[in-house]
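Take 1397 as the starting number for the sequence shown in the numbering used here and just add one per residue.
All C-beta atoms, glycine included, are put in the ideal place defined by N, C-alpha and C.
Predicted model only: the values in this text are computed from it and were never measured.
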Amino acid sequence: MTTTTVDGEVLPLMWVYTYKTDGDGYLSRFKARLVVRGDLQAPLDNTYAATLAIRNFRALIAIANYFDLELKQYDVPTAFLNARINRTLYAETPAAFRHTKGEVMRVLRALYGLKESPVLWYNELRRELVKLGLKPVDGFPCLYTNHWLILFVYVDDIVMAFHRSNVHLHKSFEQKLEDLYNTKAMGDLTWFLGIRVIRDRDVHKTWLIQDAFIDKVCARFGIETTGRCPDVPLTENWLPQSNEEPDAARTKLYQQLVGSLAYIAVWGRPDVARTHVVFACHLTNPGQPHVSKVRQTWRYLLGTKSLALEASANAMDMAEYLSDDPTYRDPLFFGSSDASYADEPETRRSSQGYVFKFGGLMIDWKSTIQRTVTKSTTESELLSLSLAASQMEEWLRFFAGINLTLDRTPTIWCDNQQTVGIVTKEHDKLHTKVKHVDIHQLWIRQEVTALRINVKWVPTDRMPADGLTKVLPKQKFVEFIRQLGLVDIAERLKGLRQANGDDLDGIYIH
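Below, the structure is given as structure tokens:
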């Protein structure tokens, strides 16, 4: 501490009080933390800290389920404080510890609240994991591996995946990590970033579900399951623009509801991904009908909150909707691509979507609107296929990075026969003078010829990505749910809560 004039930035401190809850949202403890007022910091050049992509997390869960790997979770208490700051910085001494007016303290560690603390912790952990013999996977931040271990990190949450035959190596590594950061062993992975992970190793299945998050959002906005819940999240393919006068309160409410919907549409519920795209077109001036529609979608989610993404090493056979060949068996990894031509009513751009599955689990999906206007169904399907093919190449780099070799060339399924023909048949070609379309066509053909990917045709009624490009009626939507691998685990959840005593009275934090 010093009271002399210092050469460096001086920032105030403040106390932050938070409620810590368990995975179901019930109060578990109170927490107080002294943080720096980082909002008063001078601008810095490099404060970005990479995080694990949620699609990579789902893929690692699918891999662990398929190969029956152990999944152990660890928490790093006050993680940021393990990193040292690399510049001169001072903080005002808290009143309770201050002896004289104007007293300041030299900051040596990456205190919470500093803009650069996340990246300093990221670099610190990466450096130490490399010293322990792990190799960062290029292009996939927060993912590390060696000959026996896959380790992934999200800020202060660490998860290790390894085969049970390497338990002795895991114990040694676990101890080294504890010596470094006083890590807290949390046991088998059951929660990760608000996603409940349920595993039944006897039947080789794992489920990912966000029921607690749905409950939390609906409680916050007063959404209840009064009466019959909607069978589908949305009934209209597009919503008209609002003619109502702008209302700041209504717009804020709508943006909050749609923002929460974006989170769940990306993380664990692909069945509402298309719905979110429709709502996202009206963020600046939504009318009351838009608010009612998005609340209806949340009622659908509340009524179907027991739907979970399922990984099943025993039931990867999707042959009943991918092929008529009774001898066909679904590969370990595949993708599907679809487009809906010129369906956006104002710009006439096309909707597009893709899905990827590994070991029966939906690990990646996307629903969006194409950036350019196309002149035919084939062109729109080609652009969507190119997007999916680029994503498949990223997945192949991911698998190579963790030393996983696929037993065959992966396939992307497409329901447009002409599109499949122009990228797989020698003499078929889409004749166009549009340069960007021609580039997509020639690039996909190049990848197919090099045997890096396959492109095959599938009937529209068996297309897993169909519901990502358009709103489906009830009967088709039920089939879409099945194709996504979403299953109802209400009874399993009930048994889990009874076993854990979650039905006891507690304080629920909204």
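Quick one: what's got a C-beta closer than 8 Å to residue 1459's C-beta in the same chain, skipping five residues either side?
-> By one-based count along the sequence shown, residue 1459 stands at place 63. Once the five neighbours on either side are set aside, the close Cβ partners of residue 1459 are 1465, 1546, 1557, 1754, 1755, 1798 and 1800.
Can residue 1635 and residue 1580 be called in contact, C-beta distance under 8 Å?
-> Taking the first residue of the sequence shown as 1, we reach residue 1635 at position 239. Taking the first residue of the sequence shown as 1, we reach residue 1580 at position 184. No, the pair does not count as a contact, with Cβ atoms beyond the cut-off.
Excluding five sequence neighbours on each side, which residues of the same chain lie with their C-beta closer than 6 Å to the C-beta of residue 1549?
-> The residue labelled residue 1549 in the question sits at position 153 within the sequence shown. Counting only Cβ-Cβ distances below 6 Å, and skipping sequence neighbours, we find 1538.
If you count every other CB in all the chains shown that lies within 10 Å of the CB of residue 1614, and 16 or more means buried, which is it?
-> Position 218 of the sequence shown, counted from the start, is the residue given in the question as residue 1614. Buried: at least 16 other Cβ atoms inside 10 Å.
Option nearest residue 1601 by Cα separation, candidates 1706, 1554, 1612 and 1536 = As a working note, residue 1601 is residue 205 in the sequence shown. Among 1706, 1554, 1612 and 1536, the Cα nearest to that of residue 1601 belongs to 1706.
Inter-residue spacing [alpha-carbon to alpha-carbon] between residue 1553 and residue 1439 = Looking up residue 1553 in the sequence shown gives position 157. Looking up residue 1439 in the sequence shown gives position 43. Their backbone Cα atoms lie some 28 Å apart in a straight line.
For the region 1604-1637, list the beta strand (DSSP E) runs that are entirely contained and at least 3 residues long, ordered along the chain.
-> none
Euclidean distance between Cα positions of residue 1583 and residue 1471 | As a first step, residue 1583 must be located in the sequence shown, where it is residue number 187. As a first step, residue 1471 must be located in the sequence shown, where it is residue number 75. Their Cα atoms are separated by approximately 10 Å.
Going along the chain, which residues of its own chain have a beta-carbon closer than 6 Å to the beta-carbon of residue 1776, five neighbours each way excluded?
-> Numbered from 1 along the sequence shown, position 380 holds the residue referred to as residue 1776. For residue 1776, where only same-chain residues beyond five positions count, the Cβ hits under 6 Å are 1735, 1737, 1746 and 1770.
Kindly provide the ranges of any beta strand (DSSP E) runs that are 3 or more residues long and lie completely inside the region 1538-1605, ordered along the chain.
-> 1539-1541, 1545-1550, 1553-1558, 1580-1584, 1591-1596 and 1601-1605
Cα-Cα separation, residue 1886 to residue 1528 = For the purposes of this step, residue 1886 is taken as residue 490 along the sequence shown, with counting starting at 1. For the purposes of this step, residue 1528 is taken as residue 132 along the sequence shown, with counting starting at 1. If you take the alpha carbons of residue 1886 and residue 1528, they lie about 42 Å apart.
Can you give me the start and stop residues for the beta strand (DSSP E) that residue 1779 sits inside?
-> As a working mapping, residue 1779 is identified with position 383 in the sequence shown. Run containing residue 1779: none in the beta strand (DSSP E); it sits in the alpha helix (DSSP H), 1773-1797.
Name the two residues that bound the continuous beta strand (DSSP E) containing residue 1481.
-> Here residue 1481 refers to the residue found at position 85 when the sequence shown is read from its first residue. No beta strand (DSSP E) holds residue 1481; DSSP gives it neither H nor E.
Inter-residue CB distance, residue 1483 and residue 1505 (contact presumed, cutoff 8 Å) = Position 87 of the sequence shown holds residue 1483. Position 109 of the sequence shown holds residue 1505. Actually they are not in contact, since the Cβ atoms of residue 1483 and residue 1505 sit about 13 Å apart, beyond 8 Å.
Indicate whether residue 1490 and residue 1430 have their beta-carbon atoms separated by less than 8 Å.
-> Numbered from 1 along the sequence shown, position 94 holds the residue referred to as residue 1490. Numbered from 1 along the sequence shown, position 34 holds the residue referred to as residue 1430. It is a contact, given that the beta carbons lie within the stated cut-off.
Identify the residues that DSSP records as bridge partners of residue 1738: which are they?
-> Here the question's residue 1738 lines up with position 342 in the sequence shown. Partner(s): none; residue 1738 has no beta bridge.
Member of 1494, 1535, 1543 and 1530 whose CA lies at the smallest distance from the CA of residue 1572 | For the purposes of this step, residue 1572 is taken as the residue at position 176 of the sequence shown. Ranking the options by Cα distance to residue 1572, first place goes to 1530.
For residue 1773 and residue 1586, the rounded distance between their alpha carbons = For the purposes of this step, residue 1586 is identified with residue 190 of the sequence shown, where counting begins at 1. For the purposes of this step, residue 1773 is identified with residue 377 of the sequence shown, where counting begins at 1. Their backbone Cα atoms lie some 44 Å apart in a straight line.
Outcome for residue 1625 when other beta-carbon atoms lying within 10 angstroms are tallied against a minimum of 16 = To locate residue 1625, count along the sequence shown from 1; it is residue 229. Residue 1625 should be labelled exposed.
Run through DSSP, which three-state label would residue 1463 get?
-> For the purposes of this step, residue 1463 is identified with residue 67 of the sequence shown, where counting begins at 1. Residue 1463: coil per DSSP, three-state reduction.
DSSP state of residue 1485, grouped into three classes?
-> The residue given as residue 1485 occupies position 89 in the sequence shown. Looking at residue 1485 - three-state DSSP - the assignment turns out to be strand.
Roughly how many angstroms separate the alpha carbons of residue 1731 and residue 1652, rounded to a whole number?
-> The residue you call residue 1731 lines up with position 335 of the sequence shown. The residue you call residue 1652 lines up with position 256 of the sequence shown. About 32 Å.
Separation of residue 1813 from residue 1757, as counted between CA atoms = Here residue 1757 refers to the residue found at position 361 of the sequence shown. Here residue 1813 refers to the residue found at position 417 of the sequence shown. If I take the Cα positions, the gap works out to 27 Å.
If you draw a straight line from the alpha carbon of residue 1928 to that of residue 1687, how long is it in whole angstroms?
-> Any answer about residue 1928 is impossible in this case: the structure gives the chain only from 1397 up to 1906.
Selected residue, minimal CA-CA separation from residue 1780, among 1895, 1512 and 1862 = Position 384 of the sequence shown holds residue 1780. It is 1862 whose Cα lies nearest to the Cα of residue 1780.
So, helix, strand or coil for residue 1883, using DSSP?
-> Taking the sequence shown and counting its residues from 1, one reaches residue 1883 at position 487. The answer is strand: DSSP assigns residue 1883 an E or B state.
Cβ neighbours of residue 1434 in the same chain (closer than 6 Å, five flanking residues each side left out) | In the sequence shown, the residue the question calls residue 1434 occupies position 38. Cβ within range, chain order: 1509, 1510 and 1511.
CA-CA distance, residue 1851 and residue 1533?
-> For the purposes of this step, residue 1851 is taken as the residue at position 455 of the sequence shown. For the purposes of this step, residue 1533 is taken as the residue at position 137 of the sequence shown. Answer to the nearest angstrom: the Cα atoms are 28 Å apart.
Alpha helix (DSSP H) segments (min. 4 residues) lying fully within the region 1807-1876 | 1813-1820 and 1831-1845
DSSP state of residue 1715, grouped into three classes?
-> For the purposes of this step, residue 1715 is identified with residue 319 of the sequence shown, where counting begins at 1. Its pLDDT being 42, under 50, residue 1715 is placed unreliably by the model, and nothing is read from it.
With DSSP as the reference, please indicate the residues paired to residue 1470 in a beta bridge.
-> If you number the sequence shown from 1, residue 1470 lands on position 74. According to DSSP, residue 1470 bridges with 1554 and 1581.
Cβ pair residue 1619, residue 1663 closer than 8 Å = Position 223 of the sequence shown, counted from the start, is the residue given in the question as residue 1619. Position 267 of the sequence shown, counted from the start, is the residue given in the question as residue 1663. In this structure, residue 1663 does not lie closer than 8 Å to residue 1619 by Cβ.
Would you mind giving the Cβ-Cβ distance between residue 1837 and residue 1778, rounded to the nearest angstrom? I have them listed as a contact below 8 Å.
-> Taking the first residue of the sequence shown as position 1, residue 1837 is located at position 441. Taking the first residue of the sequence shown as position 1, residue 1778 is located at position 382. Right, their Cβ atoms sit about 6 Å apart.
Closest to residue 1413 by CA distance: which of 1426, 1404, 1407 and 1405 is it?
-> Taking the sequence shown and counting its residues from 1, one reaches residue 1413 at position 17. The shortest C-alpha separation from residue 1413 is found at 1426.
Rounded C-alpha distance that separates residue 1428 from residue 1494 | In the sequence shown, residue 1428 corresponds to position 32, counting from 1. In the sequence shown, residue 1494 corresponds to position 98, counting from 1. Answer to the nearest angstrom: the Cα atoms are 19 Å apart.
Rounded to whole angstroms, what's the CA-CA distance from residue 1743 to residue 1672? Just pull it up for me.
-> To locate residue 1743, count along the sequence shown from 1; it is residue 347. To locate residue 1672, count along the sequence shown from 1; it is residue 276. Their backbone Cα atoms lie some 18 Å apart in a straight line.
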